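Trainee: Quick one: the structure is below, and I'll ask about it shortly.
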Amino acid sequence: MNEILSPASIDALTLARWQFGLTTLYHFIFVPLTIGMALLVAILQTAWVRTGKLKYLRLTKLFGKIFLINFAMGVVTGIVQEFQFGMNWSDYSRFVGDIFGAPLAMEGLFAFFFEATFIGLWIFGWDKLPKKVHVLTIWFVWIGTVLSAYFILAANAFMQNPVGFEINEERGRAELTDIGAVLLNPVAVTQFPHTIFAAVMFAGVVMVAVAAWHLQRNQFVDEMRTALRFGAWTNIIAFLGVGLTGHSLGMVMTETQPMKMAAAEALYNNASGADASFSIFSWGTPDGAHEIFSIRIPYLLSFLSNGTFDGSVEGIRDLQAEYEALYCGADSALTCPSSGSFVPIVWVTYWAFRWMIGLGALAALVSAVGLWITRKNAELPKWVWKVAIWSAPLPMLASLVGWVFTEMGRQPWIVFGVMTTEQGVSPGVPGWAVLVSLIVFTLVYGALAVVEFRLITKAAKDGPPEIEQPEGADGTPGEPDQQQLATVY
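Note that the sequence shown covers residues 1 to 489 in UniProt numbering.
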């Protein structure tokens, strides 16, 4: 399994893993922006309803349009994920489909339809629903996106920490015994807020980038200064949430998947206290087994893993020996990899973990600096706005490498301790068939990426729509025309 990048290993299993990984990461580009932007749009519309200030309505329309474009693309790319379980991972689907399929069905039949219903009411209800009722529809949309995220994360959490099931030896499959345990899996409970905060970070930075583009050109100044500061504060607060929830997730990961934490630090031998340090940078031998040079923070790995500074962390070598004894016995058809190795690709997990933290921290730093230098209405050099614009992808990239760490760190398991990845692949699908579908998906997704980028870029550059606010009989601002609101999109 550790030779996945070797040309000699290009087979159906490797191609199936590449295909699922690439399509999943591509789909996930749209997910956090949908979740985060739905929340920010709901807050902006609520601000308009409460204050009557037209700038909040115009910002609602602008970022609502970006949200809708992104939501539509996310739906299109998400459908492919379902097909792949039958196409490339049929043995996995047959063995654990009874458990894994339950939260996925809940997501599709309940959360997605709930979300889609209220999106329709929000889009078409501007001139048909009372203002205070209409704003509730976008809040329900956000609740729907959050529910969808939780059900998906619960399904993924079963792969990381399988609970609520038993093996039916007679039928040769895993069967669901406790749906509550699956939905309240500790991995899902801790992974959920971490994912939501990361999504809100991404939406906040996108808002900052759009505002910076217009402020650089001195356009829509009042609206864009509000959007810039709102997005920057959102990013910073969400980053703090990501850090706190990430620490909780790290402790759960150490408890349920100690090999993943060991690989994240390239820790080959057991360590405790000051020796359980966290390396900011490490340079080692080609096999990664021996360190040549590193920059380390003492005690930090112990704190990340256990919440204390004197805890112990298991190393790769001891865990490998433990797993060999546990999973490679006489009855080990599904639990012992053909290579005999239970170690994920160490350099991938090591650097993905650090890129995840570094990219997220950099995005928060840009927002913090931006808030400081824009606290006054001073004219700023163009490079300041360019930095803000180009910071937009940082939280997204942090989320993507975070998922690379999560999934690659689980290898060689497709369901930890229950089934290896090589046992889950479809046995009758040749490598060339997977390769053809991989190429087709890549071309189609590439075209969709161009469409998505152009649509969102155009919407962002167009800026907030013109909405007239008539003056009331007593000289106070009146309500915008409802028909005008309905036709802005």
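Don't be surprised by glycine CBs; every beta carbon is placed ideally from N, CA and C. It should be emphasised that the depicted structure is a prediction, and the values quoted were computed from it without experimental measurement.
What ranges does the alpha helix (DSSP H) occupy inside the stretch 193 to 265, keeping only unbroken runs of at least 4 residues that lie completely in it?
Mentor: 221 to 256 and 258 to 264
Trainee: Just to confirm my understanding: we take Gly424, look at its own chain, exclude 5 residues before and 5 after, and list those with CB closer than 6 Å. What are they?
Mentor: So the qualifying residues of the chain are Trp89, Asp91, Tyr92 and Ile414.
Trainee: Starting from Arg173, follow the alpha helix (DSSP H) in both directions and report where the run begins and ends.
Mentor: Unbroken run through Arg173 is the beta strand (DSSP E), Arg173 to Leu176; no alpha helix (DSSP H).
Trainee: Once the 5 residues before and after Leu13 are set aside, which same chain residues still bring their CB inside 6 Å of it?
Mentor: Glu422 and Val425
Trainee: Could you tell me the distance, in whole angstroms, from the CA atom of Thr308 to the CA atom of Ser302?
Mentor: 6 Å
Trainee: Can we say the stretch 201 to 208 touches the stretch 228 to 243, given the rule of at least three CB pairs closer than 8 Å?
Mentor: Yes, the stretch 201 to 208 touches the stretch 228 to 243.
Trainee: Report all residues from its chain with a CB closer than 7 Å to the CB of Leu25; omit the five preceding and five following residues, and keep chain order.
Mentor: Leu400 and Trp403
Trainee: With distance defined between alpha-carbon atoms, name the residue in Leu39, Trp213, Tyr323 and Leu62 nearest to Gln411.
Mentor: Tyr323
Trainee: Asn168 lies in the beta strand (DSSP E); which residues open and close that run?
Mentor: Phe165 to Asn168
Trainee: Short check: CB of Ala276 to CB of Val313, under 7 Å?
Mentor: At a Cβ-Cβ threshold of 7 Å, Ala276 and Val313 count as neighbours.
Trainee: Is the separation between the beta-carbon of Ile69 and that of Leu455 shorter than 7 Å?
Mentor: yes
Trainee: Once you ignore the five residues that flank Glu223 on each side, which residues in its own chain have a CB closer than 6 Å to its CB?
Mentor: Lys55, Arg58, Leu59 and Pro464
Trainee: Would you say the stretch 345 to 354 touches the stretch 252 to 268, given that touching needs at least three Cβ pairs under 8 Å?
Mentor: yes
Trainee: Between which two residues does the alpha helix (DSSP H) carrying Ile119 extend?
Mentor: Its alpha helix (DSSP H) spans residues Phe112 to Phe124.
Trainee: To the nearest angstrom, how far is the alpha carbon of Val436 from that of Pro32?
Mentor: 29 Å
Trainee: Considering only the beta carbon of each residue, do Phe118 and Val141 sit closer than 7 Å?
Mentor: yes
Trainee: Could you give the DSSP three-state label for Trp89: helix, strand or coil?
Mentor: DSSP places Trp89 in coil when its eight states are reduced to three.
Trainee: From Val146 to Met73, what distance separates their C-alpha atoms?
Mentor: 18 Å
Trainee: Leaving out five residues on either side along the sequence, give the residues of the same chain with a beta carbon under 6 Å from the beta carbon of Phe71.
Mentor: Thr34
Trainee: Can you tell me which of Ser341, Ala102, His27 and Glu466 puts its alpha carbon nearest to the alpha carbon of Val75?
Mentor: Ranking Ser341, Ala102, His27 and Glu466 by Cα distance to Val75 puts His27 first.
Trainee: What does the alpha-carbon distance come out to for the pair Val450 and Ile467?
Mentor: 30 Å
Trainee: Evaluate contact between the stretch 154 to 164 and the stretch 183 to 199, counting only Cβ atoms and requiring at least three cross-stretch pairs below 8 Å.
Mentor: yes
Trainee: Between Ala361, Asn306 and Ala154, which lies nearest to Gly241 when the distance is taken from Cα to Cα?
Mentor: If we check each option's Cα against that of Gly241, Ala361 comes out closest.
Trainee: Excluding the 5 residues preceding and the 5 following Thr177 in the sequence, name in chain order all residues of the same chain whose CB lies nearer than 8 Å to its CB.
Mentor: Gly164, Phe165 and Glu166
Trainee: Under 7 Å, do Ala211 and Phe151 count as touching if we go by C-beta distance?
Mentor: Ala211 is not a Cβ neighbour of Phe151, given a cutoff of 7 Å.
Trainee: Hey, Ala459 and Ile66: beta-carbon distance below 7 Å or not?
Mentor: yes
Trainee: Can you tell me which of the three DSSP states Val425 falls into?
Mentor: coil
Trainee: What are the start and end residues of the beta strand (DSSP E) that includes Ile414?
Mentor: Trp413 to Val415 is the span of the beta strand (DSSP E), which, as asked, contains Ile414.
Trainee: Give the range of the alpha helix (DSSP H) segment to which Glu107 is assigned.
Mentor: For Glu107, no alpha helix (DSSP H) run applies, since DSSP gives it neither H nor E.
Trainee: For Ala388, count neighbouring Cβ atoms within 10 angstroms of its own Cβ and tell me buried if that reaches 16, exposed if not.
Mentor: buried
Trainee: If we count the other Cβ atoms within 10 Å of its Cβ and call it buried at 16 or more, is Phe30 buried or exposed?
Mentor: buried
Trainee: Alpha carbons only, please: which of Tyr299, Leu319, Arg317 and Ala199 is nearest the one belonging to Gly311?
Mentor: Tyr299
Trainee: Just the Cα atoms here: how many angstroms apart are Ser338 and Gly370?
Mentor: Those two C-alpha atoms are separated by around 52 Å.
Trainee: Rounding to the nearest angstrom, what Cα-Cα distance links Phe85 and Ala274 in this structure?
Mentor: 44 Å
Trainee: Taking just the CA atoms, how far does Leu438 sit from residue 553?
Mentor: Nothing about residue 553 can be read from this structure; the chain reaches only from 1 to 489.
Trainee: State the start and end residues of the unbroken alpha helix (DSSP H) segment that holds Asp462.
Mentor: Here the alpha helix (DSSP H) through Asp462 covers Gly431 to Asp462.
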